[in-house]
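Residue numbers (the working numbering), protein chains in the order written: chain Z, 1 to 260; chain U, 1001 to 1328.
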């Protein structure tokens, strides 16, 4: 079985501030000084691919990313975890690129390369759309299941059985025919932490690099026009003072409202 | 101004009134506030006939019900396949789903089939000339983005709880019932298991919820001690806390967990992504403690404290215990 895992480099959420003044250009929220790493859900996708190889002997796991030069570090990490090969589609973008553009580039790479399974994270932690995977599946004409947290080979050949949680904590088991695209939710496995020696070795592996132009970019279809701080949905009164004082004020407030 | 065609797609796999779909009805009304729109229901599933009747009567919008045979459980892929011919016929400019698992499976491929744009997790709509701009949260809820779809049709998923239906007397809309016979599918539902969410969560008057901000499993002890300060309380967690194995999944609040509406929700170290907020937004009073002053949870809380949990929770527990001894 040949597996492609799609990954993204994202900023750490805790390093993103929310000033009350919207930035001039939407892309300005990705200011300098952010901490970057592999999207957490993509780490689960890489781990799921590695575990499937351990149980079924998949022949090859490729890691793919679309982004600027720095995005290479997520491929290095995926290879440090155990992926065989890294593919980098170089794209100069404002990091708010339409999911149709990203999915179009990834599908252009995957098409004709005879993958049996494509895995993506259930969403990116920064833009949270969960669309690149399903759109890519649509472009390839493959079946697609989102937010899968565990899967295994089915008794039927060329099919997988997938587990997922749906609304209200209910669970589903579904069978999907290969080739297929799954988006992976966190849950049943913990992504391995690559050993330093493996990370160092991964740094020496050659990458396959494409420029976006060679892969016939797709129409973006939609565009982020503004970013703004979210509305205050409740009053959000801030309690100020020393730590002790805040504790007393909060306790008193809850008591006065009959909540404790 | 030409009338824009809007199709609201409701899943009807379970019995009973499709109350969740009323959020979609509210989206139909919202779109119609600024421009003339023609809204149409497409109701799909085992119970589509009854659900279609309810929705067309209560909202006044015409409905097409696709009654799926019970031996073909509805999946996202089946939903897309059944919807495609109806949508090709109605040619809507806007197609809206609730943000469910099935919808997330099907909106991407459906957008490709319809050559449409696609925006997930919509929580606000703004008119922009004869177009619309759709708002959705990014960065764990710290920012909202506004997206324009250009001249193409657009497929949306709408978050629950952001659009409120106003019940007014309306002329019932017409209902057309169809019984499609689905072809074999590449995705098949093998088993559906009911929720294992703890009943205690739903009944608790105070829910103390831990997020990744608690830092380590050892600190859960503080959360349990805090919960013990309140009668009829329960401890819950965000998905991240359950993923880390610090709490069982049966304690998870959010899209893939329980929905709770206690008198008091104490959010400890919770960032406030919409996936979590959807599960607790019905709480009567929300207090949030987080060391990140920009955490999105503060916008969804009645009162907020910017503090590190490790130092603050012992102080709060002490203050609450003293409170209680006064009362006693």
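Built from N, CA and C at the ideal position, the CB exists for glycine as well.
Terminal residues of the alpha helix (DSSP H) in which residue i lies
{"i": "residue 1056 of chain U", "result": "1048 to 1059"}
{"i": "residue 1085 of chain U", "result": "1076 to 1090"}
{"i": "residue 1033 of chain U", "result": "1022 to 1034"}
{"i": "residue 194 of chain Z", "result": "Premise fails: residue 194 of chain Z is in no alpha helix (DSSP H) and is neither H nor E."}
{"i": "residue 171 of chain Z", "result": "Unbroken run through residue 171 of chain Z is the beta strand (DSSP E), 171 to 177; no alpha helix (DSSP H)."}
{"i": "residue 132 of chain Z", "result": "132 to 140"}
{"i": "residue 1202 of chain U", "result": "1199 to 1203"}
{"i": "residue 1114 of chain U", "result": "1101 to 1114"}
{"i": "residue 1128 of chain U", "result": "No alpha helix (DSSP H) holds residue 1128 of chain U; the beta strand (DSSP E) holding it covers 1117 to 1128."}
Beta-carbon proximity of residue i to residue j, cut-off 8 angstroms
{"i": "residue 1008 of chain U", "j": "residue 1113 of chain U", "result": "no"}
{"i": "residue 79 of chain Z", "j": "residue 6 of chain Z", "result": "no"}
{"i": "residue 1109 of chain U", "j": "residue 138 of chain Z", "result": "yes"}
{"i": "residue 144 of chain Z", "j": "residue 1230 of chain U", "result": "no"}
{"i": "residue 1145 of chain U", "j": "residue 224 of chain Z", "result": "yes"}
{"i": "residue 174 of chain Z", "j": "residue 1190 of chain U", "result": "yes"}
{"i": "residue 1028 of chain U", "j": "residue 1061 of chain U", "result": "yes"}
{"i": "residue 17 of chain Z", "j": "residue 1296 of chain U", "result": "no"}
{"i": "residue 3 of chain Z", "j": "residue 115 of chain Z", "result": "yes"}
{"i": "residue 104 of chain Z", "j": "residue 1257 of chain U", "result": "no"}
{"i": "residue 979 of chain U", "j": "residue 1236 of chain U", "result": "No answer is possible for residue 979 of chain U: it lies beyond the span of chain U, which begins at 1001 and ends at 1328."}
{"i": "residue 63 of chain Z", "j": "residue 50 of chain Z", "result": "no"}
{"i": "residue 1264 of chain U", "j": "residue 1218 of chain U", "result": "no"}
{"i": "residue 136 of chain Z", "j": "residue 1303 of chain U", "result": "no"}
{"i": "residue 1240 of chain U", "j": "residue 1212 of chain U", "result": "yes"}
{"i": "residue 41 of chain Z", "j": "residue 166 of chain Z", "result": "no"}
{"i": "residue 1319 of chain U", "j": "residue 251 of chain Z", "result": "yes"}
{"i": "residue 1077 of chain U", "j": "residue 1185 of chain U", "result": "yes"}
{"i": "residue 1268 of chain U", "j": "residue 1317 of chain U", "result": "no"}
Neighbourhood of residue i by C-beta distance below 6 angstroms, restricted to the same chain and skipping five residues each side
{"i": "residue 1079 of chain U", "result": "1044, 1102 and 1106"}
{"i": "residue 1013 of chain U", "result": "1045, 1046 and 1074"}
{"i": "residue 1328 of chain U", "result": "Since pLDDT at residue 1328 of chain U reaches only 48, below the 50 mark, its modelled position is unreliable, and no value is offered."}
{"i": "residue 52 of chain Z", "result": "58"}
{"i": "residue 1147 of chain U", "result": "1119 and 1134"}
{"i": "residue 1300 of chain U", "result": "1272 and 1277"}
{"i": "residue 60 of chain Z", "result": "2 and 84"}
{"i": "residue 1093 of chain U", "result": "1004, 1005 and 1153"}
{"i": "residue 1072 of chain U", "result": "1182"}
{"i": "residue 222 of chain Z", "result": "98"}
{"i": "residue 1165 of chain U", "result": "1022, 1025 and 1026"}
Contact set for residue i: own chain, Cβ-Cβ below 8 angstroms, skip 5 residues either direction
{"i": "residue 208 of chain Z", "result": "85, 86, 87 and 88"}
{"i": "residue 1160 of chain U", "result": "1020, 1023, 1098, 1099 and 1278"}
{"i": "residue 1082 of chain U", "result": "1044, 1066, 1068, 1180 and 1182"}
Extent of the continuous beta strand (DSSP E) run through residue i
{"i": "residue 165 of chain Z", "result": "159 to 165"}
{"i": "residue 1260 of chain U", "result": "Counting along the chain, residue 1260 of chain U falls outside any beta strand (DSSP E), and DSSP gives it neither H nor E."}
{"i": "residue 148 of chain Z", "result": "144 to 153"}
{"i": "residue 6 of chain Z", "result": "2 to 7"}
{"i": "residue 1241 of chain U", "result": "Run containing residue 1241 of chain U: none in the beta strand (DSSP E); it sits in the alpha helix (DSSP H), 1239 to 1243."}
{"i": "residue 16 of chain Z", "result": "Premise fails: residue 16 of chain Z is in no beta strand (DSSP E) and is neither H nor E."}
{"i": "residue 1011 of chain U", "result": "1004 to 1011"}
{"i": "residue 1038 of chain U", "result": "1037 to 1045"}
{"i": "residue 1067 of chain U", "result": "1063 to 1067"}
{"i": "residue 27 of chain Z", "result": "First-last for residue 27 of chain Z: undefined, no H or E at that position."}
{"i": "residue 1247 of chain U", "result": "That residue, residue 1247 of chain U, is in no beta strand (DSSP E); it is neither H nor E in DSSP."}
Cβ shell of residue i (< 7 angstroms), same chain only, five flanking positions each side left out
{"i": "residue 35 of chain Z", "result": "11, 12 and 15"}
{"i": "residue 1175 of chain U", "result": "1052, 1053, 1056, 1063 and 1065"}
{"i": "residue 1003 of chain U", "result": "1036, 1037 and 1038"}
{"i": "residue 101 of chain Z", "result": "217, 218 and 220"}
{"i": "residue 73 of chain Z", "result": "9"}
{"i": "residue 215 of chain Z", "result": "89, 105, 108 and 109"}
{"i": "residue 159 of chain Z", "result": "175, 176, 177 and 178"}
Anticipated Cβ contact below 8 angstroms, residue i with residue j, distance rounded
{"i": "residue 1137 of chain U", "j": "residue 123 of chain Z", "result": "Going by Cβ atoms, the distance from residue 1137 of chain U to residue 123 of chain Z rounds to 12 angstroms, so no, they are not a contact pair."}
{"i": "residue 227 of chain Z", "j": "residue 99 of chain Z", "result": "Going by Cβ atoms, the distance from residue 227 of chain Z to residue 99 of chain Z rounds to 17 angstroms, so no, they are not a contact pair."}
{"i": "residue 1141 of chain U", "j": "residue 1312 of chain U", "result": "With 8 angstroms as the limit, residue 1141 of chain U and residue 1312 of chain U do not qualify as a contact, their Cβ atoms being about 22 angstroms apart."}
{"i": "residue 191 of chain Z", "j": "residue 44 of chain Z", "result": "6 angstroms"}
{"i": "residue 1067 of chain U", "j": "residue 1048 of chain U", "result": "5 angstroms"}
{"i": "residue 1250 of chain U", "j": "residue 1307 of chain U", "result": "Actually they do not touch by this definition, with Cβ atoms about 29 angstroms apart."}
{"i": "residue 32 of chain Z", "j": "residue 1139 of chain U", "result": "Residue 32 of chain Z to residue 1139 of chain U, Cβ: 16 angstroms. No contact."}
{"i": "residue 1234 of chain U", "j": "residue 1200 of chain U", "result": "5 angstroms"}
* Mind pulling the alpha helix (DSSP H) runs of 4 or more residues that sit fully within the stretch 78 to 117 of chain Z? -> 99 to 110
* Scan the stretch 1274 to 1310 of chain U and note each continuous beta strand (DSSP E) run of 3 residues or more that stays entirely inside, going in chain order. => Those beta strand (DSSP E) runs which fall completely within the stretch 1274 to 1310 of chain U and span 3+ residues are 1285 to 1290 and 1303 to 1306.
* In chain order, which continuous runs of the alpha helix (DSSP H) of length 4 or greater are located wholly inside the stretch 31 to 67 of chain Z? -> 40 to 56
* To do: Note down, one range per segment and in chain order, each alpha helix (DSSP H) of at least 4 residues found wholly within the stretch 1209 to 1233 of chain U.
  => 1220 to 1227
* **beta strand (DSSP E) runs wholly inside the stretch 185 to 252 of chain Z, at least 3 long, in chain order** => Counting only runs of at least 3 residues, the stretch 185 to 252 of chain Z fully encloses the following beta strand (DSSP E) elements, listed from N- to C-terminal order: 207 to 211 and 223 to 228.
* To do: Let me know the alpha helix (DSSP H) ranges lying completely inside the stretch 1125 to 1209 of chain U, each 4 residues or longer, listed in chain order.
  => 1199 to 1203
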